[in-house]
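Novice: Line by line, the protein sequences give chains D and Z.
Here the first sequence is numbered in the working numbering, starting from 1 and rising by one per residue.
Here the second sequence is numbered in the working numbering, starting from 1001 and rising by one per residue.
Note that beta-carbon positions come from the ideal geometry of N, C-alpha and C, so glycine has one too.
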Amino acid sequence: MMSELHLPWLELSVLIPLVGAIAVIFIRDADRARRFTIAVSTLALLGTLGEWFDFATLKTFEAHDHWDIFRLLFHRDVFIVDELSAPLLPLGALLYLAVVLTTLRTKASRFSFSGTLFSEAILLATLACRSPWSIILLLTVSIIPPWLELRRRNACPRVFVFHMGLSTALLVLGQLLTGNLEASNSPPLIGGCLLTAGALIRCGVFPLHCWITDLFEKATFGTALLFITPMTGAYAVMRLVFPIAPAWALQSIALVSLLTALYSAGMALVQKDTRRFFCYLFLSHSSLVLVGLELVTPVGLTGGLCVWLSVGISLLGFGIALRSVEARQGRLELDTFHGLFTHTPFLAGMFLITGLSSIGFPGTVGFIGTELLVEGAIEVYPIVGLAVVAAAALNSVAVVRAYFHVFNGTEHRASVSLRCRPSERITILILTALIFGGGLIPQPGVASRHHAAEELLRHRLTTPTALTPEQRAADSHLTLTPTNERHNSRKDSPVE
Amino acid sequence: MGVPFWFHFLGLVVVASPAMLVALLGLKTLLGLRFFESTQAALTRSAVVIGLLASLAVLAMMLIFGTRHVPVEVGNWVLIEETGLHFFFHLKFVFDRLSVPFTILSFVLCGVVGAFASSYLHRDDGYSRFFLLYAVFLLGMVVSSLAGTIETLFFGWELVGLSSALLVAYFHTRPGPVRNGLRIWTIYRFSDAAFLLAALMLHHLAGAGEFDRLMGSGAWPEGTATVAGSSVFWVGLLLLIAAAGKSGMVPFSGWLPRAMEGPTPSSAVFYGALSIHLGTYLLLRVSPLLDVSPTLRICVLAMGFISAVYGAIVSRVQTDVKNALAFASLTQVGIITMEIGAGLYYIALIHMIGHATLRTLQLLRAPSVLKDRQMLENAIGGRLPAPDSEITEPRWRRSLYRFAHERGFLDAMLDEYIVRPFVQIFRFFDSCERRWTSWLSGAPVEQPDPSPAETPAPCNDIQEVT
């Protein structure tokens, strides 16, 4: 019997932005629409936070809403929260609130608040879903707002549409095959491959990642940020591929993700445009998250889940800082110095702190997660795993390079004040508190993610999928036993 | 409240005082508060004095009670212990014959430089920024010096690296210091990557990151390594690379003169005195590893010898006093490394302390060197003899001069064989991607970026700093 939350938090979290998206259409004044969207996003965040705390008190792996309407109507659970998605929901809601809060009044007339709230509802619904078909449907619907924006801006959406269309087609085909094969006992190899390919395209895996740079170049920074930063591709991997794929297959995919992480880190270092730079930086980090998830070991998975949250918070702040700078100065080139430090020291500080947090600097939220990830990668691939360290080093150089170029190197002269607005300042303080709070007191977060990793691995081995008994035996051997033995040896044998 | 309590209490005070300073100055910056210069200087002074007094008290108690090894357990920062899986980040500080002198040295030199800087940077725009980074540096030094586990040492090590790079770029409105800061950060990050890998390997070899378990139970320097085998050599080599990066040894020496772009107080305390010795401190801390791997010992000796000779040659042709001092420091660091390689650990420690103190004094006096010279000339009533700068035959002297003048072509080689191919390859990928998306969009194919050779200098950070 599945546990039940005390309130319909999940439905509320989805419903609030959905109703808000409809209501904001009727508000003509851009500034009022902005304030209304902030209020709706705040309510949605409160709803997801309520869900998280409520779920934490239940001490269970999964739970569904109280007064579940879908259950009453269709006799099935549509919205379910589990240990994987519980913190991702507030993170997603925070992302939207932060972006809306830092949207300057001058940009409000060009920013689609209705589309933003609609996207938020879709994202929260996706993260609250576990059924493969619902996830695929919601992932497909989430493509519409960016596509509409590209059309509205008279930008060619072909690259975006091609990749997203391919991803969706592969997901649908893969799920069709997997669903059919589930009935029989043969392994869903082709279906699994198609699902994996579809999800990885959504993640931006090398060499099918160019749609991300294209989107960042053609759409508004806010829209691109909101589409990419929630890492719905990684979520799709966890929901669609992780439960059915054998460990050897996932670990092989981890190599592709590792290559993407290294390649993107190198690309981030040579970029001259800030948007493309951010894009590759994000791609590198999200690929590192995937590496952790695909290692299928407790330590690697814990690292992946920790880095997922830390990268989500850090690169959200980093992207917002970059967006705020862009809102003041227009698009910036990284081959010249801009020297904005004197005018916007607050943004400079946020840029540096969030950048350092994303690379796992000690004392920030990303530190322990990155350590776990490196350890997990080296445990599975002793030599190739070193690429994680190399990618992290390249990313750290890219982050500081961007900081120096945007904020240092020359004396910028401005005739108007470029200082932070109060709403930006509040966002910065919230994110900084999360970064240092999670960095200085990491135990609760890491323990929670470790427990989630253990449970996900346990459920993976007990889920009735098309895995053959031999595969399951191989999986359990690969995931739990040897790792434990290795860690035991770490603990107990001082001499080797 | 017995002796162990006081050891524990004082040990925590030593670490807590710079940590509190970082927290106070950091919060002030974050909340946008403004402190008077005198308030910041007083806070800094208090933190240094409290930390110094506490460390002196620990030393006094160690001498009185004849204790040579005082571990201060803080506990597990992170602990995951479930069904056999054991991951932990253990925070532990150790007071012994190595860490106590180095910590006291850090407090003394940072205190001197803090007092100097409060006058030197009076009314400077970056006064607050300097003292915030100074506090981060001090915390990093104290944590690194007292670290009882390799993870704790890594924590402090990173703080030192970040504060150093940002202080080199202190004069942030000029491109030169900023480029040099980036250069230093790059070298630090890659040597830090070696450190991280070494830490992970040590974890797997010994089952823990505690130096007590890695280096045996004996107090420093009498510990015996509990790990053995060929992997010790690889761990040691990684640590040697990390130490070389931090101490500016060959082939990473190119960052040393660049570091002098920062304000004089930071140059003095970081690159002349403390930061440059952190690499050798690391080698001293893991010195028992050298005893079980003769090959590693030879590598340490070779690294020290090459760096010492290189520093001695290059320092002779420097025309700037801070650069000359930087390379002179490198010579001494090379000699200290050789002493470590030769097993003369106490000599190396004494050498380190003496050298750091002397260099701080010399670097703090560096801005006044012209005034000093004029005073001397006024006193003797004539000109001081100028050094003979004429290059004469034989030919090898000219070559040697060229070698020294170009600082051994180290930076040029790094740029030519590592940076340039890297940039070229990724620029090529970038242009391919642009062509692909342009073709897919049906837009005219974008012109690829000019190759780095055609690119004007400011377009390429890593090349532009050469």
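Could you pull out every residue in the same chain whose Cβ sits closer than 7 Å to the Cβ of L45 (chain D), ignoring the five residues on either side in sequence?
Specialist: P90, A93, L94, L97
Novice: Can you list the residues of chain D that A1193 (chain Z) reaches, using a CB-CB cut of under 8 Å?
Specialist: V389, A390, A392, A393
Novice: Run the CB neighbour count on I22 (chain D), radius 10 Å, all protein chains shown included, and call it buried at 16 or more, exposed below.
Specialist: exposed
Novice: Name the chain D residues whose beta carbon is nearer than 7 Å to that of I1150 (chain Z)?
Specialist: Near I1150 (chain Z) there are no residues of chain D at all, since even the closest Cβ is about 12 Å away, more than 7 Å.
Novice: Could you confirm whether any beta carbon from chain D is found closer than 9 Å to the beta carbon of A1326 (chain Z)?
Specialist: Output row for A1326 (chain Z): interface = no.
Novice: So for T229 (chain D), helix, strand or coil by DSSP?
Specialist: Note: T229 (chain D) maps to coil in three-state DSSP.
Novice: Apart from the five residues just before and just after L347 (chain D), which ones in its own chain have a Cβ nearer than 7 Å to its Cβ?
Specialist: Same-chain partners within the cutoff: A321, S324, V325, C420.
Novice: Would DSSP call T1149 (chain Z) helix, strand or coil?
Specialist: strand
Novice: Buried or exposed for A466 (chain D), please, with buried defined as at least 16 other CB atoms from any protein chain shown within 10 angstroms of its CB.
Specialist: Confidence at A466 (chain D) is low in this model, with a pLDDT of 45, below 50, so the placement of that residue should be treated as unreliable; the coordinate-derived value is given next. Flag for A466 (chain D) reads buried.
Novice: With a threshold of 9 Å between beta carbons, is A414 (chain D) in contact with chain Z?
Specialist: Not closer than 9 Å to any Cβ of chain Z, the Cβ of A414 (chain D) fails to qualify, so no.
Novice: Could you have a look at C420 (chain D) and say whether DSSP puts it in helix, strand or coil?
Specialist: coil
Novice: Taking CB distances under 9 Å as the criterion, tell me whether N1076 (chain Z) reaches chain D.
Specialist: yes
Novice: Give me the DSSP bridge partner(s) of D82 (chain D).
Specialist: D:E62
Novice: Does the count of Cβ pairs from the stretch 1227-1243 of chain Z and the stretch 1096-1111 of chain Z closer than 8 Å reach three?
Specialist: no
Novice: So if I threshold CB-CB distances at 7 Å, which residues from the stretch 1177-1188 of chain Z count as touching chain D?
Specialist: V1178, G1181, L1182, W1185, T1186
Novice: Can you name the residues of chain Z whose CB is closer than 8 Å to the CB of T213 (chain D)?
Specialist: E1433, T1437
Novice: Could you check where the alpha helix (DSSP H) with L269 (chain D) kicks off and where it finishes?
Specialist: Secondary structure note for L269 (chain D): its alpha helix (DSSP H) is the uninterrupted segment 247-270.
Novice: Sort D:G192, D:I27, D:V256, D:D65 by Cα distance to L7 (chain D) and report the nearest one.
Specialist: D:D65
Novice: Could you give the first and the last residue of the continuous beta strand (DSSP E) run that contains L1079 (chain Z)?
Specialist: Under the DSSP assignment, L1079 (chain Z) falls in the beta strand (DSSP E) whose first and last residues are 1069-1082.
Novice: Can you name the residues of chain D whose CB is closer than 9 Å to the CB of H1355 (chain Z)?
Specialist: Under the 9 Å cutoff, chain D gives no residues; its nearest Cβ is about 28 Å from H1355 (chain Z).
Novice: Quick check on this structure: which residue in Z:V1286, Z:P1294, Z:L1256 has the alpha carbon closest to the alpha carbon of S1329 (chain Z)?
Specialist: Z:L1256
Novice: Taking beta-carbon pairs under 8 Å, can you tell me which members of the stretch 346-373 of chain D lie near chain Z?
Specialist: Within the stretch 346-373 of chain D, the residues whose Cβ lies closer than 8 Å to some Cβ of chain Z are F346, G349, L356, F361, P362, G363, I368, E371, L372, listed in chain order.
Novice: Check whether the stretch 375-392 of chain D touches the stretch 258-275 of chain D, counting contact only when three or more Cβ pairs, one atom from each stretch, lie closer than 8 Å.
Specialist: yes
Novice: Does the CB of C193 (chain D) have a neighbour CB from chain Z at under 9 Å?
Specialist: no
Novice: Are the CB atoms of L5 (chain D) and L58 (chain D) within a distance shorter than 9 Å?
Specialist: Their beta carbons are under 9 Å apart, which means L58 (chain D) touches L5 (chain D) by this criterion.
Novice: Check the Cβ-Cβ distances between S112 (chain D) and every residue of chain Z, and say whether any is below 9 Å.
Specialist: Contact of S112 (chain D) with chain Z is not assigned, every C-beta pair being separated by 9 Å or more.
Novice: In terms of residues, what are the limits of the alpha helix (DSSP H) holding Y1345 (chain Z)?
Specialist: For Y1345 (chain Z), the uninterrupted alpha helix (DSSP H) segment begins and ends at 1345-1365.
Novice: Would you call the stretch 1024-1042 of chain Z in contact with the stretch 1054-1061 of chain Z, where contact means no fewer than 3 C-beta pairs closer than 8 Å?
Specialist: no
Novice: Any C-beta of chain D sitting closer than 9 Å to the C-beta of R1427 (chain Z)?
Specialist: yes
Novice: C203 (chain D) and S286 (chain D) look like a contact to me (Cβ under 8 Å); what is the Cβ gap, rounded to whole Å?
Specialist: Contact annotation, C203 (chain D) with S286 (chain D): C-beta distance approximately 6 Å; criterion of less than 8 Å satisfied.
Novice: Check F278 (chain D) in the structure and name its three-state DSSP category.
Specialist: helix
Novice: Jot down the residue ranges of each uninterrupted alpha helix (DSSP H) in the stretch 1015-1071 of chain Z, minimum 4 residues, whole runs only, in chain order.
Specialist: 1037-1065
Novice: Can you pull the chain Z neighbours of E149 (chain D), defined as C-beta to C-beta under 9 Å?
Specialist: Result: empty, since nearest Cβ-Cβ is about 16 Å, beyond 9 Å.
Novice: Suppose only complete runs of 4+ residues qualify. What are the alpha helix (DSSP H) ranges in the stretch 130-189 of chain D, listed by chain order?
Specialist: 132-141, 144-152, 158-183
Novice: Does DSSP put L195 (chain D) in a helix, a strand or coil?
Specialist: helix
Novice: Is the beta carbon of A254 (chain D) closer than 9 Å to that of A377 (chain D)?
Specialist: Yes.
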